[in-house]
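See below for the structure under consideration.
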RNA sequence: GCGCCUGUGGCGAAAUUGGCAGACGCGCCAGACUUAGGAUCUGGUAACGCAAGUUGUGUAGGUUCGAGUCCUAUCAGGCGCACCA
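Residue numbers (my numbering): 45 to 967.
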C-alpha cells in the first residue's frame with residue numbers, strides 16, 4: 045500500500061474533530077501542563093511557512109507531555125483588534141469586524157490542515173464582547189486601585205482615601221506621578237473635583253497629562269514599544285512628542301518587581317536582558333540646588349554624586365516645571381524662541397541632528413556643597429520624562445555635558461587624577477578623586493565608588509538630598525484615538541470628571557459608526573457613534589484601548605473561557621496556575637511580555653490569580669526568512685540567461701515567484717504563464733535547464749518568495765511539513781526557508797511507511813525482536829526523550845532517520861519495535877502515526893499511547909571500542925570486553941602491534957584512559 | 001557608546017561533563033534498476049596530496065595529556081537600549 049498522505053491526513057483530522065480528541069478538562073487526578081503559543085493577529089495575507097514554526101514546536105511538546113501522562117492545556121485564539129483591519133476599513137468602508145472574521149476563518153483553515161492538537165472549544169478572540177468584558181473589568185479594577193509601595197502591591201483606592209482623610213499624604217506609601225504633600229485638613233477641605241484630580245495622581249489606571257508619542261498619520265498616540273527611531277513600527281510614520289491628556293497604566297510602580305521576578309522565570313538570558321534594559325534600574329541620588337536670590341530649589345537626579353565638586357552649570361528639560369520660575373525677564377524672549385524651536389522638531393529630527401543647542405535662563409543655582417553660583421540652562425538633551433527633568437552638569441565626566449560646555453564655553457573641572465579632559469570627557473567610574481574636598485566634604489584620594497557612597501551618606505545626613513533608585517520604565521499610554529479596540533468602561537460626569545461604569549454594565553459594547561475616521565471636530569471615531577452615553581445620558585469615553593490590552597491576560601481566559609462570572613474561576617486558576625511553556629517571537633520582549641507580566645501581577649495582588657509570573661518558561665522561535673529566486677533578463681530583450689552564463693551578458697535580475705522554481709531550476713512553462721509580458725520569453729539554458737539565482741530576504745509578497753504552508757501540505761502532506769520545519773535547524777534560530785531539502789524528510793516518512801506494509805499487506809509480526817533491533821529503537825527512545833525536553837527537534841528527526849534506516853536494513857517486522865516507533869513519531873507526525881497505530885490493531889488514539897521508556901540493558905555493548913591516540917592523533921582502535929579496568933585497557937593498547945609502530949621505540953611518559961572512549965598515549 | 005547573542009564543508013546543520021569535528025538532510029559524483037523520471041535503491045563526498053600523511057571549527061594568544069567547547073585579546077555579523085544624567 046502506498047503512503048497516501050492526503051487521504052490519511054483528512055481522515056484523522058476528521059476523526060479527531062468528531063471524537064473531541066483534543067478536548068481538555070480540569071482533571072485533578074493528573075498533573076497539569078500548560079503549553080501556549082502567542083496568538084496571532086489575523087492579517088489579510090494569511091499564514092506563510094514561517095508562522096507555524098513555533099506552533100509546530102509547541103504542538104510537539106504538548107503531544108509529548110500528554111503521552112507522558114500530563115493533562116495538557118493547549119489552546120489557540122486570535123488577537124483580533126488592531127490597526128491593519130481598521131486602516132483597511134478606512135480605505136474600503138468595510139467594517140473591521142467583517143475583515144477580521146474573514147481572516148480568522150482563513151487562519152483557522154490553514155491551521156487545521158497542519159494537524160495541531162488545539163482544544164478549539166477554548167478559542168478566544170479579543171474583539172468578542174464576552175472576552176473584552178474581562179479586559180474592561182481589569183481596567184476598572186486598576187482605575188479603582190493605587191499601588192502601595194510599602195506592601196508592594198495594588199490596593200483599593202478607598203484605602204488611600206481613608207488614609208488621606210486621617211493623615212493626609214504623611215506615610216501614605218503610594219506610588220504617584222508627581223510627588224505632593226498635603227495634610228488631612230487640606231484633603232478634607234478639597235472639593236470633589238480637586239480630590240478627583242489628586243487621586244488621578246495615584247490610580248493605577250489614570251488619566252494624565254503626559255508627553256506622548258503622537259503619530260499624525262495614524263491619528264493616534266502610541267506606546268513606547270510601538271515606536272522605534274522616531275517612527276511608528278506599524279506603517280513607519282513619523283512620531284512627535286506631544287503633551288496630551290491620556291489614559292495611562294502605572295506600570296512604573298511595578299518596575300522593581302518586574303525586574304526582580306525576572307530571576308524566577310526560565311527565559312533566555314537575552315530576552316531577560318532586554319527587559320532589564322527596558323526597565324532600566326539606576327541607583328543614584330536626588331539633590332536639591334537652591335536658586336540664587338529665590339526660595340526655589342531645583343531637584344536633580346544623578347548617579348554620580350561624587351562629581352558634585354565639578355558641577356559647573358545646571359540644565360533643565362524644555363518641558364521642565366521649573367522653567368516659568370527660573371527664566372529672568374531679560375532672557376524671556378530668548379527662552380521662548382528656543383522652546384518654540386524645540387517644540388516644532390519631531391523626536392526623529394532631534395535624533396538625526398544631534399546638534400548641541402540650549403539657552404541660558406538668566407538664573408543661577410548654588411552648589412550645596414561648594415556654595416558656588418552656577419548658571420541654569422535649558423536644553424533638549426535633558427529629558428523631561430526621566431529623573432526630575434533637571435540635571436547637575438559635570439562636563440569633565442559626562443560626554444553630553446562636555447559637548448554642551450564646549451559649545452557654550454563653560455568651565456570644565458576634572459575631578460579624577462590623571463584624567464585628560466582637553467579633548468573629551470572622562471566618563472569611566474574609575475580612578476582616584478581630586479579637586480573634591482572642602483571643609484564640608486572630603487573626597488580627595490578616594491576611589492570613585494567610595495566617593496559616591498560617601499557623598500550619598502553626606503547628602504542624606506544633611507538633608508540636601510536623598511538616595512534614590514530610578515527606573516527608565518515609563519507608564520504605558522493606554523488610549524488610542526481609534527475605532528477598532530475595546531471601549532473604556534468610563535463616562536464623564538457633569539463636572540467633566542471621568543467615572544467608572546458599574547461592573548454590572550460590562551461589557552460595554554463597541555458601538556457602530558458611519559465612518560472609521562475622526563469627527564470633523566477632531567474627536568476619535570467613537571465621537572460618530574449615536575447615543576454613545578450611559579443610561580442616564582452621560583457621555584462615554586471616546587478613546588479605545590490599545591492592542592496590548594486584549595493580549596495581556598488572554599492566557600488566563602483560556603483556562604476558563606466560558607465563565608460569565610469571573611475572568612477565571614479561582615479553583616480553575618489554582619489547577620492550571622500559569623503557562624508552563626510559552627512559545628513566541630522576540631519582538632514582544634518590551635511590549636506584550638512586559639504588559640502581561642504587569643497585568644498578571646496586578647491581578648495577583650488581589651488574589652485573582654495564584655502565580656506572580658504568567659509564563660514560567662519562554663522559548664523564542666526564530667524568524668523564517670524567504671529565499672528569493674531571480675531570473676536574468678538580457679537588457680532590452682525578452683531573453684533570459686541561466687545563472688552561470690550570465691557573466692557574458694548585460695543582465696537585469698528580476699524576482700521570480702519561488703513557487704515556479706524547484707531546486708533553483710525554473711519551470712519555463714509556468715514562467716511563461718506567470719505574467720503576460722513573459723509569454724514569449726526566450727531562454728539561454730545550461731545543461732538543458734534554466735538555473736535561477738537566489739538571495740535571502742524577508743518573506744514578503746513583493747519579493748515573490750512567500751511560501752504558503754497550504755501548498756506544502758498539498759504537495760508533501762502536513763506531517764512532512766511539520767518534520768521539515770523542525771529539521772531545518774534549532775527552533776530558536778532564524779533561518780531562511782528553503783524547500784529544496786524537503787524531499788529527504790518526505791522520503792523518511794515513505795520509508796517508515798514501508799516498514800509496516802508490503803504491497804497491500806501489513807507485514808508487522810508478533811515475533812520477538814532481535815538484540816540489534818531493540819538496541820536501535822531504545823537508542824531512539826533515549827535520544828528523542830532527551831531532545832524534546834531541550835527543544836532539539838532537529839536532532840530528533842535525524843535520530844528517527846537513522847533508526848528507520850537501521851530497521852529497514854534489518855528488515856524489522858517485529859511489533860515489539862515498530863509499536864514504540866509509532867508512539868515516538870506521534871508528536872512529530874501525528875497523522876501517519878495515527879494511521880499506523882490503527883494499522884497495528886489499536887482502536888484508541890495514539891495521542892493517549894504512553895510514551896515509551898528506554899531500557900539501558902538493551903543499549904549496553906558487550907565489547908567497548910577504544911581509540912588509541914599517539915602523538916595527539918587517533919592511530920588505531922582496540923576492542924576490549926565491557927567493564928575492563930583502565931590498567932588492562934592500557935596494557936592491551938600498548939601491546940597492540942600499532943603501538944610499536946607509532947611509538948618507534950620511545951617510552952610513553954603518561955597514558956590517559958578515558959572510560960569507554962579513548963586511550964591517550966603521551967610521549 | 002552600553003548590554004546580549006552568534007561565527008564549524010558547496011548549503012541547512014550535529015558534537016552530554018573538554019575526549020575520533022562535520023551526525024542527519026540537501027546538493028554533487030559514481031553505480032544499479034528501469035516503457036527515461038523532478039521515481040526508487042546502493043556507494044562516495046571537509047581541504048591538500050598518487051600515497052603514507054598533513055592541515056582544518058572567524059583571527060591571535062593562553063590553560064590542558066587533549067579545546068569547536070574553558071580563559072584573554074581581536075575581527076565580523078545579528079539583536080536590544082540609547083542624549084536615561
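Glycine included, each C-beta is placed from N, C-alpha and C at the ideal position.
Practice prompt. From the DSSP output, in three-state form, read off residue 727 for me.
Written response: Counting from 1 along the first chain, the entry for residue 727 is found at position 683. In the structure shown, residue 727 sits in a strand (DSSP, three-state: E or B).
Item to complete: Under 8 Å Cβ to Cβ from residue 247, same chain only, skipping five residues before and after it: list those, please.
Response: On the first chain, position 203 is the one that residue 247 refers to. Same-chain partners within the cutoff: 186, 187, 188, 189, 190, 201, 294.
Worksheet item: In chain order, what residues of the same chain have a beta carbon less than 6 Å from the beta carbon of residue 729, not counting five sequence neighbours either side?
Response: Within the first chain, the letter at position 685 stands for residue 729. For residue 729, where only same-chain residues beyond five positions count, the Cβ hits under 6 Å are 686.
Practice prompt. Assuming residue 561 contacts residue 134 (C-beta within less than 8 Å), just tell me the rounded distance between them.
Written response: Start at 1 with the first residue of the first chain, and residue 561 comes out as number 517. Start at 1 with the first residue of the first chain, and residue 134 comes out as number 90. With 8 Å as the limit, residue 561 and residue 134 qualify as a contact, their Cβ atoms being about 6 Å apart.
Worksheet item: My guess is that residue 611 and residue 633 are in contact by the Cβ rule of under 8 Å, so how many angstroms apart are they, rounded?
Response: As a position in the first chain, residue 611 is number 567, starting the count at 1. As a position in the first chain, residue 633 is number 589, starting the count at 1. Contact flag wrong, Cβ pair sits at about 25 Å.
Worksheet item: Alpha carbon to alpha carbon, how far is residue 468 from residue 298?
Response: Numbered from 1 along the first chain, position 424 holds the residue referred to as residue 468. Numbered from 1 along the first chain, position 254 holds the residue referred to as residue 298. Distance between the alpha carbons of residue 468 and residue 298: 38 Å.
Worksheet entry | residue 840, enclosing beta strand (DSSP E) - first and last residue | Here residue 840 refers to the residue found at position 796 when the first chain is read from its first residue. Where residue 840 is concerned, there is no enclosing beta strand (DSSP E), although the alpha helix (DSSP H) it sits in stretches over 837–853.
Item to complete: Please determine if the segment 156–171 and the segment 90–101 are in contact, where contact requires at least 3 C-beta pairs separated by less than 8 Å.
Response: yes
Item to complete: Could you tell me whether the segment 691–701 touches the segment 665–681, using the rule of 3 or more Cβ pairs below 8 Å?
Response: yes
Fill in: Terminal residues of the alpha helix (DSSP H) in which residue 53 lies
By one-based count along the first chain, residue 53 stands at place 9. First-last of the alpha helix (DSSP H) with residue 53: 49–63.
Discussion item. Rounded to whole angstroms, what is the Cα-Cα separation between residue 356 and residue 452?
Written reply: What you label residue 356 is simply residue 312 of the first chain in a count that begins at 1. What you label residue 452 is simply residue 408 of the first chain in a count that begins at 1. Using only the alpha carbons, I get a separation of about 12 Å.
Item to complete: Locate the alpha helix (DSSP H) running through residue 232, then write down its first and last residues.
Response: Here the question's residue 232 lines up with position 188 in the first chain. DSSP places residue 232 in the uninterrupted alpha helix (DSSP H) bounded by 228–233.
Discussion item. In the DSSP output, what is residue 302 paired with across the bridge?
Written reply: Counting from one through the first chain, the residue named residue 302 turns up at place 258. DSSP, once it has assigned bridges, lists no residue as partnering residue 302.
Worksheet item: For the segment 110–122 against the segment 498–513, are there 3 or more C-beta pairs whose distance is under 8 Å?
Response: no
Discussion item. Just to check my reading of the structure: residue 163 and residue 74 have Cβ atoms closer than 8 Å, yes? What is that Cβ distance to the nearest angstrom?
Written reply: Numbered from its first residue, the first chain carries residue 163 at position 119. Numbered from its first residue, the first chain carries residue 74 at position 30. Wrong, their Cβ atoms sit about 15 Å apart, outside the cutoff.
Worksheet entry | Continuous alpha helix (DSSP H) stretch holding residue 239: start and end | The residue given as residue 239 occupies position 195 in the first chain. First-last of the alpha helix (DSSP H) with residue 239: 236–244.
Worksheet item: Going by DSSP, which residues form a beta bridge with residue 695?
Response: Residue mapping note: residue 695 aligns to position 651 of the first chain, counting from 1. 678.
Practice prompt. Use the C-beta contact count for residue 123: other C-beta atoms within 10 angstroms, 16 or more gives buried, fewer gives exposed.
Written response: Residue 123 sits at position 79 when you count from the first residue of the first chain. Result: buried.
Fill in: Touch test, the segment 495–502 against the segment 302–318, Cβ-Cβ under 8 Å, three pairs minimum
Contact between the segment 495–502 and the segment 302–318 is absent, because fewer than three Cβ pairs lie under 8 Å.
Discussion item. Assess contact between the segment 575–589 and the segment 519–539, defined as three or more Cβ pairs (one per stretch) separated by less than 8 Å. Is contact present?
Written reply: yes
Item to complete: Determine, using beta carbons only, whether residue 641 and residue 178 come nearer to each other than 9 Å.
Response: Position 597 of the first chain, counting from 1, holds the residue named residue 641. Position 134 of the first chain, counting from 1, holds the residue named residue 178. Not a contact, by the Cβ cut-off of 9 Å.
Worksheet item: The alpha helix (DSSP H) with residue 196 in it runs from where to where?
Response: Mapped onto the first chain, residue 196 falls at position 152. Residue 196 -> no alpha helix (DSSP H), and no H or E assigned at all.
Fill in: 4 or more residues per run - each alpha helix (DSSP H) lying fully within the segment 476–561
List check, alpha helix (DSSP H) in window: 492–506.
Practice prompt. Determine the direct distance from the alpha carbon of residue 516 to that of residue 325, and round the result to whole angstroms.
Written response: Taking the first chain and counting its residues from 1, the one referred to as residue 325 is at position 281. Taking the first chain and counting its residues from 1, the one referred to as residue 516 is at position 472. Cα-Cα distance, rounded: 7 Å.
Worksheet item: With a Cβ-Cβ cutoff of 9 Å, do residue 713 and residue 684 count as a contact?
Response: The residue given as residue 713 occupies position 669 in the first chain. The residue given as residue 684 occupies position 640 in the first chain. No, the pair does not count as a contact, with Cβ atoms beyond the cut-off.
Worksheet item: Assuming residue 837 contacts residue 148 under a Cβ cut-off of 8 Å, what Cβ separation, rounded to an integer in Å, is found between them?
Response: Here residue 837 refers to the residue found at position 793 of the first chain. Here residue 148 refers to the residue found at position 104 of the first chain. In fact, because the Cβ distance is near 28 Å, the residues do not count as touching under 8 Å.
Practice prompt. Report the three-state DSSP secondary structure of residue 291 (helix, strand or coil).
Written response: Counted from its first residue, the first chain places residue 291 at position 247. It is a strand residue.
Worksheet item: Any contact of the segment 423–443 with the segment 470–483, i.e. 3+ C-beta pairs under 8 Å?
Response: yes
Worksheet item: Less than 9 Å separating the beta-carbons of residue 353 and residue 414?
Response: Taking the first chain and counting its residues from 1, the one referred to as residue 353 is at position 309. Taking the first chain and counting its residues from 1, the one referred to as residue 414 is at position 370. Taking 9 Å as the Cβ cut-off, residue 353 and residue 414 qualify as a contacting pair.
Fill in: DSSP three-state assignment for residue 424, whether helix, strand or coil
Here residue 424 refers to the residue found at position 380 when the first chain is read from its first residue. DSSP places residue 424 in coil when its eight states are reduced to three.
Fill in: Host alpha helix (DSSP H) of residue 101 (start-end)
Within the first chain, residue 101 is the residue found at index 57, counting from 1. 96–111 is the span of the alpha helix (DSSP H), which, as asked, contains residue 101.
Item to complete: Figure out for me which residue from 821, 181, 705 has the closest Cα to the Cα of residue 551.
Response: Along the first chain, one-based indexing puts residue 551 at 507. Answer by Cα proximity: 181.
Worksheet item: According to the neighbour-count rule (16 or more other Cβ atoms, all chains shown, within 10 Å of its Cβ), is residue 523 buried or exposed?
Response: Residue mapping note: residue 523 aligns to position 479 of the first chain, counting from 1. Result: buried.
Worksheet item: From residue 363 to residue 80, what distance separates their C-alpha atoms?
Response: As a position in the first chain, residue 363 is number 319, starting the count at 1. As a position in the first chain, residue 80 is number 36, starting the count at 1. Answer to the nearest angstrom: the Cα atoms are 44 Å apart.
Practice prompt. Let me know the alpha helix (DSSP H) ranges lying completely inside the segment 105–189, each 4 residues or longer, listed in chain order.
Written response: 127–136, 140–158, 173–187
Worksheet item: Taking C-alpha atoms, which residue in 283, 459, 933 lies nearest to residue 387?
Response: The residue given as residue 387 occupies position 343 in the first chain. When 283, 459, 933 are compared, the shortest CA-CA separation from residue 387 is found for 283.
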